[in-house]
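Let me begin by presenting the structure, written as structure tokens, before commenting on it.
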Amino acid sequence: MATLQKLLHCRRLVLLWLLLAVLWEAGAGQIRYSVPEELDKGSIVGNIAKDLGWEPLALAKRGVRIVSRGRTQLFSLNPRSGSLVTAGRIDREELCAQSAPCLVNFDMLLEDKLTIYSVEVEITDINDNAPRFGVDELELKISETTTPGFRIPLKTAHDMDIGENSLQKYELNSNDHFSLDMRSGADGNRYPELVLEHALDREEESVHYLVLVASDGGDPVRSGTCRIRVKVLDVNDNAPIFTQPEYRVSVPENMPVGTRILTVTATDADEGYNAQVAYFREKPFGETSEVFELQSASGDITIIKTLDYEDAKFHEIDIEAQDGPGLLTRTKVVVTVLDMNDNAPEFYMTSVTSSVPEDSPPGTVIALFNVHDRDSGQNAFITCSLPEKLPFKLERSVDNYHRLVTTRALDREQFSFYNITITAEDGGNPSLSTDAHIFLQVTDINDNPPAFPHAFYSAFIPENNPRGASIFSVLAHDPDSDDNAHVTYSLAEGTLQGAPLSSYISINSDTGVLYALRSFDYEQFQDLQLQVIALDSGKPPLSSNVSLSLFLVDQNDNAPEILYPTLPTDGSTGVELAPRSAEPGYLVTKVVAVDRDSGQNAWLSYRLLKASEPGLFLVGLHTGEVRTARTLLDKDALKQSLVVAVQDHGQPPLSATVTLTIAVADSIPDVLADLGSIRTPTNPDDSDLTLYLVVAVAAVSCVFLAFVIVLLVLRLRRWYASRLLQASRGGLAGVPTSHFVGVDGLHAFLQTYSHEVSLTSDSRKSHIIFPQPNYADTLISQESCEQKDFLPAPQSLLNDKGEEIAQANHLICPDQQFFLS
């Protein structure tokens, strides 16, 4: 709105000047205009055509133009309207500075008549410039000891406008110490001065900020400002003052050396040299080592030695601050050292046991110890622990004392020692721990008897072993130690066949090796049952025993024994009868042999070693049966001699031989007749055989008498049978039944040979045994075993072999007793 009013005012002024110019031209012949500065380009200054009385188009035809006078053309003509307009923005201060009035003169040329008109344009001032100071900020220095009334000249302002639009007055902002006064100069101008009203105190206010305002009289009013900074100069009237009366800082004890922990600051109200503060440490008397360093210029406190909470929990540092001239003040810095978990727990063993008996009751104290941590608070809270599955526990007492006690009975045989690790851990974060090791030896007591690895032992020993030979070894283990584990061995008392076992076997008391005191015979006994006792040397001693079975292994040390036919002790020879009518395969007799050995050593085989008529007789390999190989012929000799060999299967094999004499005849009379025709041999044995045959013939005539005798024998049978059985048990009691059979077993032996006639001649001592045809080559039936007939036999047969035959017969028919007389 103010701008619009200003423009309207300017238009009125322009119209007024145009009117005056026209009037002046009419009266004086010169055209004058007046225009305010700062008009826009093209603004109308005056109507030249009208003022000259021409039409606007006539000016263009007459060639009107402005002739400049060596300056920039400020105006131009508008040929259409005939008006004089501004050629650009006009700044009066630029054209005329402070001169008044400001006139611009130029000429107008009419080319058609070469007429020149003088035009004068006055540029009027508008308030377009504010007063300005030469500097924006003015700095003044004044001592704080300056007395009130002191005057300081100030910078003046300048305004490019003129008249009322120029500088009119100065003003100073309100303050407590300064005022503004105007001084008139010799040139008539007025100059501002700053007057000190009250005394200054730099420490109270070291700088005063003032604003000087210069105003003009335009409408609107324009003004300019100058900032005045009044610096109060210092005098040393103040000592340094610390920002805190006492400094306190907390520092972790693991803070690295060289770290700045605090900066002390002292301020001095003075300035300059008076305010230059230096810091010094006041060292207490007797302090030899420094932990902290104070920087004199900056007041920084740094660590120069490692902190240790356990050595000192806090430090006090006395510090002085001194200004340049020497005024000083003091303060104290208290450094609190914060505990860090830098110390592991420490063990102090009060009492510890290195060994404990294994029978110690639960609760036995092994060790008493104290655990301490040099840290504090949670860092010093200690927890002690043990590995799992150990028969120990920790019991906490007062003042961090702990006891290590057993929780159950110990067993040295399971664990002979314990390497116990006790871990003490504090409550820091991260936590620290320490291990304490206790080596505990478990001493032995005799709580374990010797133990054999097996419940029983068995061993096989060949018979005929050498005396003193090692036959077996036993070993017992005692899990105890030292004397409690020293084992001695012995044999339990016992007898074998009426003799003490100690006469058969001995044992080494230290090694457990068993020795044979004699050579064993499998035919006497087959096994020995022993009890071995293991006894330790503890107090009291403990023992255990184990059964040992020693089995004899048979050796082939017995040759086969021929039980039938028996060899007479009086030198006589038995004769078997083979009828001439016998078919091939006729059983003549059987060789019966036994072997006192067992197993393979008792397997017997028979073979015909020698025969007077080869090919006439065969011998069964496994049965020992003598059979005819072909039909007997008349030309065959009455007397046939066979040599049969019996051999076992031992290694090496053993054998025995027997000579059989077989008489070939169809009947007894034939035998008697043939006996006379038998030539008496030159050999004495042949003459004996002839004598026996004669005696046999005589005995035939006494059959009836023999029958009577047999009846008598029947009466005495039972009495005689019991005595004969007792006698037979003494000879073959220890021989197994298998010894009487060959490879074919009992079936090969159970074939009977009945004898009806026994001829005896005391002079010739010959025997003829006739087979009974009805029972030849057949097994004995139950009826044959039930027969009550008994065959007489010569007395020469009742020797040792005869007893064996009786025993064999008893095996064949166990329900009957057989007697040979």
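Position one of the sequence shown corresponds to residue 230 (my numbering), numbered consecutively onward.
Glycine included, every Cβ here is placed at the ideal spot set by N, Cα and C.
- Task: May I ask you to verify whether the region 623–634 touches the region 547–556, counting CB pairs closer than 8 Å and requiring at least 3?
- Result: Taking a cut-off of 8 Å for Cβ pairs, the region 623–634 and the region 547–556 do not touch, as fewer than three such pairs fall below it.
- Message: If I measure Cβ to Cβ from residue 173 and keep anything under 7 Å in the same chain, skipping five residues before and after, which residues do I get?
- Response: Nothing about residue 173 can be read from this structure; the chain reaches only from 230 to 1050.
- Of all the options 730, 674, 852, which has the alpha carbon lying nearest to the alpha carbon of residue 711? Within the sequence shown, numbered from 1, the residue matching residue 711 stands at position 482. Restricting attention to 730, 674, 852, the CA atom closest to the CA of residue 711 is found in 674.
- Across which residues does DSSP place residue 382 in a beta bridge pair? Within the sequence shown, the letter at position 153 stands for residue 382. Looking at the DSSP assignment, residue 382 forms a beta bridge with 422.
- Query: Where DSSP assigns a beta bridge to residue 760, which residues make up the other side?
  - Reply: Along the sequence shown, one-based indexing puts residue 760 at 531. Beta-bridge pairing links residue 760 to 776.
- Message: Counting C-beta neighbours from all protein chains within 10 Å, is the total for residue 685 16 or more, i.e. buried, or is it exposed?
- Response: What you label residue 685 is simply residue 456 of the sequence shown in a count that begins at 1. With fewer than 16 Cβ atoms within 10 Å of its Cβ, residue 685 is classed as exposed.
- Task: In the DSSP assignment, find the alpha helix (DSSP H) that holds residue 285 and state where it starts and stops.
- Result: Numbered from 1 along the sequence shown, position 56 holds the residue referred to as residue 285. Element bounds for residue 285: 285–291.
- Task: List the residues that DSSP assigns as beta-bridge partners of residue 528.
- Result: Taking the sequence shown and counting its residues from 1, one reaches residue 528 at position 299. The partner list for residue 528 (beta bridge, DSSP) is empty, contrary to what the question assumes.
- At which residues does the beta strand (DSSP E) containing residue 228 begin and terminate? Outside the modelled stretch of the chain, which goes from 230 to 1050, sits residue 228, for which no answer is possible.
- Starting from the N-terminal side, write out each stretch of the beta strand (DSSP E) that is 3 residues or longer and does not extend beyond the region 518–584. Listed in chain order, the complete beta strand (DSSP E) runs (minimum 3 residues) inside the region 518–584 are 521–523, 529–532, 543–551, 557–567, 575–581.
- Touching or not, the region 714–725 and the region 748–762, by the rule of three or more beta carbon pairs under 8 Å? These segments touch.
- Message: Considering just the uninterrupted stretch of the alpha helix (DSSP H) at residue 322, what are its terminal residues?
- Response: On the sequence shown, residue 322 is found 93 positions in, with the first residue counted as 1. Where residue 322 is concerned, the enclosing alpha helix (DSSP H) stretches over 321–325.
- Message: Using 8 Å for Cβ pairs, my map puts residue 596 next to residue 584. What's the rounded Cβ distance?
- Response: As a position in the sequence shown, residue 596 is number 367, starting the count at 1. As a position in the sequence shown, residue 584 is number 355, starting the count at 1. About 12 Å separates the two Cβ atoms, so there is no contact after all.
- Given 8 Å, three or more beta-carbon pairs between the region 394–403 and the region 362–380: By the Cβ criterion, the region 394–403 is not in contact with the region 362–380, since fewer than three pairs of Cβ atoms, one from each stretch, lie closer than 8 Å.
- Message: So, with DSSP's three-state summary, where would you put residue 275?
- Response: Position 46 of the sequence shown, counting from 1, holds the residue named residue 275. Strand at residue 275.
- Message: For a test of the three-state rule: what should DSSP assign to residue 400, helix, strand or coil?
- Response: Position 171 of the sequence shown holds residue 400. The answer is strand: DSSP assigns residue 400 an E or B state.
- Task: Verify whether the separation of the beta carbon atoms of residue 788 and residue 885 is less than 8 Å.
- Result: In the sequence shown, the residue the question calls residue 788 occupies position 559. In the sequence shown, the residue the question calls residue 885 occupies position 656. Yes, Cβ-Cβ distance for residue 788 and residue 885 is below 8 Å.
- When you compare each of 357, 492, 607, 454 to residue 529 by their alpha carbons, which one comes out closest? To locate residue 529, count along the sequence shown from 1; it is residue 300. Comparing Cα-Cα distances from residue 529 to each of 357, 492, 607, 454, the minimum goes to 492.
- Task: Compare the Cα-Cα distances from residue 435 to each of 858, 830, 497, 753 and report the closest residue.
- Result: Position 206 of the sequence shown, counted from the start, is the residue given in the question as residue 435. The residue among 858, 830, 497, 753 with its C-alpha nearest the C-alpha of residue 435 is 497.
- Between the beta-carbon of residue 671 and the beta-carbon of residue 699, is there less than 8 Å? Stepping through the sequence shown from its first residue, residue 671 is reached at position 442. Stepping through the sequence shown from its first residue, residue 699 is reached at position 470. No, the pair does not count as a contact, with Cβ atoms beyond the cut-off.
- Query: To the nearest angstrom, how far is it from the Cα of residue 557 to the Cα of residue 467?
  - Reply: Residue numbering aside, residue 557 sits at position 328 when the sequence shown is read from its first letter. Residue numbering aside, residue 467 sits at position 238 when the sequence shown is read from its first letter. One C-alpha to the other measures close to 9 Å.
- Item | Closest by C-alpha distance to residue 460, when choosing among 268, 327, 407, 341 | Against the sequence shown, residue 460 aligns to sequence position 231. Comparing Cα-Cα distances from residue 460 to each of 268, 327, 407, 341, the minimum goes to 407.
- Task: Note down, in chain order, each residue of its chain lying with its Cβ closer than 8 Å to the Cβ of residue 857, except the 5 sequence neighbours on either side.
- Result: Along the sequence shown, read from residue 1 onward, the residue named residue 857 stands at position 628. Excluding residues within five positions, the ones whose Cβ falls inside 8 Å are 807, 811, 812, 813, 814, 815, 817, 845, 846, 847.
- How many angstroms separate the CA atom of residue 289 from the CA atom of residue 276? Here residue 289 corresponds to residue number 60 of the sequence shown, with the count starting at 1. Here residue 276 corresponds to residue number 47 of the sequence shown, with the count starting at 1. Just so you know, the alpha carbons of residue 289 and residue 276 end up roughly 14 Å apart.
- Query: Can the beta-carbon of residue 383 be found less than 8 Å from the beta-carbon of residue 422?
  - Reply: Residue 383 sits at position 154 when you count from the first residue of the sequence shown. Residue 422 sits at position 193 when you count from the first residue of the sequence shown. Their beta carbons are under 8 Å apart, which means residue 383 touches residue 422 by this criterion.
- At a cut of 8 Å, does the region 600–610 reach the region 561–571 through at least three beta carbon pairs? Taking one beta carbon from each stretch, the region 600–610 and the region 561–571 have 3 or more pairs nearer than 8 Å; the two touch.
- Task: Give the DSSP bridge partners of residue 460, in chain order.
- Result: Position 231 of the sequence shown holds residue 460. Listed as beta-bridge partners of residue 460 by DSSP are 370, 436.
- 8 Å Cβ cutoff met for residue 274 and residue 350: As a first step, residue 274 is located in the sequence shown; it is residue number 45 there, counting from the start. As a first step, residue 350 is located in the sequence shown; it is residue number 121 there, counting from the start. Taking 8 Å as the Cβ cut-off, residue 274 and residue 350 qualify as a contacting pair.
- Task: Compute the distance between the beta-carbons of residue 831 and residue 895, then report whether it is under 8 Å.
- Result: One-based indexing of the sequence shown puts residue 831 at position 602. One-based indexing of the sequence shown puts residue 895 at position 666. With respect to residue 895, residue 831 sits apart: the two C-beta atoms are not nearer than 8 Å.
- Query: In chain order, what residues of the same chain lie with their CB nearer than 6 Å to the CB of residue 654, ignoring the 5 residues before and after it?
  - Reply: The residue given as residue 654 occupies position 425 in the sequence shown. Result list for residue 654: 612, 660, 662, in chain order.
- Query: In angstroms, rounded to a whole number, what distance separates the CA positions of residue 680 and residue 738?
  - Reply: Indexing the sequence shown from 1 puts residue 680 at position 451. Indexing the sequence shown from 1 puts residue 738 at position 509. One alpha carbon belongs to residue 680, the other to residue 738, and they sit about 16 Å apart.
- Check whether the region 355–364 touches the region 441–457, counting contact only when three or more Cβ pairs, one atom from each stretch, lie closer than 8 Å. The region 355–364 is in contact with the region 441–457.
- Message: Measuring straight from C-alpha to C-alpha, what distance separates residue 334 and residue 424?
- Response: Residue mapping note: residue 334 aligns to position 105 of the sequence shown, counting from 1. Residue mapping note: residue 424 aligns to position 195 of the sequence shown, counting from 1. If you draw a straight line from the Cα of residue 334 to the Cα of residue 424, it is about 50 Å long.
- Beta-carbon contacts of residue 302 that lie in its chain and below 6 Å, excluding the five residues immediately before and after: If you number the sequence shown from 1, residue 302 lands on position 73. The answer, listed in chain order, is 316.
- Task: Mark residue 869 as exposed unless 16 or more other C-beta atoms lie within 10 angstroms of its C-beta, in which case mark it buried.
- Result: The residue given as residue 869 occupies position 640 in the sequence shown. That one is buried.
- Query: Is residue 625 helix, strand or coil when you go by DSSP?
  - Reply: Mapped onto the sequence shown, residue 625 falls at position 396. It is a strand residue.
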